[in-house]
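>
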Amino acid sequence: MKPKIHILATGGTIAGVSASAVSTSYSAGRIDIDTLLATVPQVFELADISGEQFCSIGSQDMNEAIWLKLSSRINSLLSGEDCDGVLITHGTDTMEETAYFLNLTVHSEKPVILVGAMRSASAISEDGPANIYNGIVAICDPKTRGRGVLCCMNNHLIAAKDVVKQHTTYLSAFEGGNSDSVGYVFGNNVYYQRDVTSRHTVNSEFSVEGMDKLPEVGIVYGYAGCSPLPFKALVDAGFDGIVIAGVGNGNLYRDLLPYAEEAAEKSVIIVRSTRCPSGPTSLDAELNDNRYGFIASFNLNPQKSRILLMLALCRTRDRARIQEYFLQY
Ligand code: SIN
Numbered sequence: 009m010k011p012k013i014h015i016l017a018t019g020g021t022i023a024g025v026s027a028s029a030v031s032t033s034y035s036a037g038r039i040d041i042d043t044l045l046a047t048v049p050q051v052f053e054l055a056d057i058s059g060e061q062f063c064s065i066g067s068q069d070m071n072e073a074i075w076l077k078l079s080s081r082i083n084s085l086l087s088g089e090d091c092d093g094v095l096i097t098h099g100t101d102t103m104e105e106t107a108y109f110l111n112l113t114v115h116s117e118k119p120v121i122l123v124g125a126m127r128s129a130s131a132i133s134e135d136g137p138a139n140i141y142n143g144i145v146a147i148c149d150p151k152t153r154g155r156g157v158l159c160c161m162n163n164h165l166i167a168a169k170d171v172v173k174q175h176t177t178y179l180s181a182f183e184g185g186n187s188d189s190v191g192y193v194f195g196n197n198v199y200y201q202r203d204v205t206s207r208h209t210v211n212s213e214f215s216v217e218g219m220d221k222l223p224e225v226g227i228v229y230g231y232a233g234c235s236p237l238p239f240k241a242l243v244d245a246g247f248d249g250i251v252i253a254g255v256g257n258g259n260l261y262r263d264l265l266p267y268a269e270e271a272a273e274k275s276v277i278i279v280r281s282t283r284c285p286s287g288p289t290s291l292d293a294e295l296n297d298n299r300y301g302f303i304a305s306f307n308l309n310p311q312k313s314r315i316l317l318m319l320a321l322c323r324t325r326d327r328a329r330i331q332e333y334f335l336q337y
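Per this note's numbering, the sequence shown starts with residue 9, numbered consecutively.
#1: From the DSSP output, read off the bridge partner residues of residue 123.
#2: Considering only heavy atoms of the ligand SIN, does any lie closer than 7 Å to the CB of residue 31?
#3: Check residue 313 in the structure and name its three-state DSSP category.
#4: Three-state secondary structure (DSSP) at residue 319?
#5: If we count the other Cβ atoms within 10 Å of its Cβ and call it buried at 16 or more, is residue 319 buried or exposed?
#6: Comparing C-alpha positions only, which one of 18, 312, 215, 324 sits nearest to residue 168?
#7: Looking at residue 41 and residue 60, is the spacing between their C-beta atoms short of 8 Å?
#8: Fully enclosed by the segment 18-59, which beta strand (DSSP E) runs are 3 residues long or longer?
#9: Roughly how many angstroms lie between the CA atoms of residue 280 and residue 139, to the nearest whole one?
#10: Taking the alpha carbon of residue 261 as the reference point, which residue from 245, 247, 236, 284 has its own alpha carbon closest?
#11: Examine the ligand SIN and report whether any of its heavy atoms sits within less than 7 Å of the Cβ of residue 67.
#12: Looking at the structure shown, is residue 82 part of a helix, part of a strand, or coil, going by DSSP?
#13: Given 8 Å as the limit, is there contact between the segment 159-178 and the segment 111-127, that is, 3 or more CB pairs closer than that?
#14: Between which two residues does the beta strand (DSSP E) holding residue 161 run?
#15: Output the boundary residues of the beta strand (DSSP E) element that contains residue 200.
#16: Give the DSSP-derived three-state secondary structure of residue 64 in the structure shown.
#17: When every heavy atom of the ligand SIN is checked, does at least one fall within less than 7 Å of the C-beta of residue 17?
#18: Does DSSP put residue 145 in a helix, a strand or coil?
#19: State yes or no: is the C-beta of residue 110 within less than 8 Å of the C-beta of residue 82?
#20: Taking C-alpha atoms, which residue in 213, 266, 267, 292 lies nearest to residue 337?
#21: Could you check what DSSP says for residue 261 in three-state terms: helix, strand or coil?
#22: Whose C-alpha, out of 241, 75, 20, 282, is nearest the C-alpha of residue 252?
#23: For residue 277 and residue 327, which I take to be in contact (beta-carbon distance under 8 Å), what is that distance rounded to the nearest angstrom?
#24: If you draw a straight line from the C-alpha of residue 288 to the C-alpha of residue 329, how long is it?
#25: Under a three-way DSSP split, which group does residue 87 fall into?
#26: I want to know whether the segment 62-82 touches the segment 16-23 - three or more CB-CB distances under 8 Å.
#27: In angstroms with no decimal places, state the Cα-to-Cα distance between residue 117 and residue 208.
#28: How about residue 95 and residue 132: are their beta carbons less than 8 Å apart?
#29: Going by other Cβ atoms of all chains shown within 10 Å of its Cβ, with 16 needed for buried, is residue 141 buried or exposed?
#30: Which runs of the alpha helix (DSSP H) spanning at least 4 residues fall entirely within the segment 236-313, listed in chain order?
#31: Please name the residue or residues paired with residue 164 in a DSSP beta bridge.
#32: Where does residue 182 sit, in a helix, a strand or coil, going by DSSP?
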């Protein structure tokens, strides 16, 4: 019997239309799931496919409200006998954030894979159909079960915790950041090269079932001579947590440091991450987190640190416990 796979379409360049096959400008999220699936009829030979237009947006407009609904929909689909896996078509701009959010809030061993495209559906040599096909091949493979949420782009299967969009336009835009991809798809075969060791899905203690809002967490970007004004604005607006995309190993400019220390004393949770494209933000390395009351993000970039902090704040405000989450997830 063929596996039953449900596709949730959310928009993005994979559903984008350009004025001509060689135009670089296009509108994201214009074609619906049925039209998209018609570009890759071969998937119907692999699985029983059903599709649903979940939303139609460019992923620059993705937000927490959609994540909460998406997570709930996927949990409901996967808890039934009629669905063996979910494929999500998604814009590439925030794909890594959606993947990481679902990795922590979907509680199933069944495969969940996100795919997108760097070229619109009407471009020469568009990559969307191949990414959809490869994603379906991966979901059909029993070895994919239990690996958490994955992104399938340009043949690579990349874990949600690691995946980063590291180039604005190349077909090879997606990489594993601090880790290699977990595997790849070639033809109708899937080759896994390593396991995913961080906690996710069935081993995640985070649940957003029934929630319609998450704690407010913002990101402040560090730079030479950094003004503390954006940081102060978030504190004054009552944000629960702030992630600092610090310089180097998560360092803060001297004018920002006293404000961050004061906010931590007032129980705003401060996470130090880094603007560097790779490498961990280490605990107590160049800056004593214990003294300042900060948390180090380890291998999470600022945008994923924000997601983990929002979920952590649904459970606790205890700094030591949140630091432990950053080690485990
Ligand atoms: C988007 O993220 O929706 C636009 C860009 C893309 O999908 O590549």
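Idealized CB from N, CA, C, for every residue including glycine. Computed from a predicted structure; not experimentally measured.
Judging by the given coordinates:
#1: Looking at the DSSP assignment, residue 123 forms a beta bridge with 97.
#2: no
#3: Helix.
#4: helix
#5: buried
#6: 312
#7: yes
#8: Under the rule that a run must span 3 or more residues, no beta strand (DSSP E) segment is found entirely inside the segment 18-59.
#9: 34 Å
#10: 236
#11: yes
#12: helix
#13: yes
#14: 158-161
#15: 197-200
#16: strand
#17: no
#18: It is helical.
#19: yes
#20: 213
#21: Looking at residue 261 - three-state DSSP - the assignment turns out to be coil, as it is neither helix nor strand.
#22: 282
#23: 7 Å
#24: Whole-angstrom Cα-Cα distance: 19 Å.
#25: helix
#26: yes
#27: 10 Å
#28: no
#29: When all chains shown are included, residue 141 counts as buried.
#30: Here the runs fully enclosed are 237-244, 265-273, 297-300.
#31: 161, 192
#32: strand
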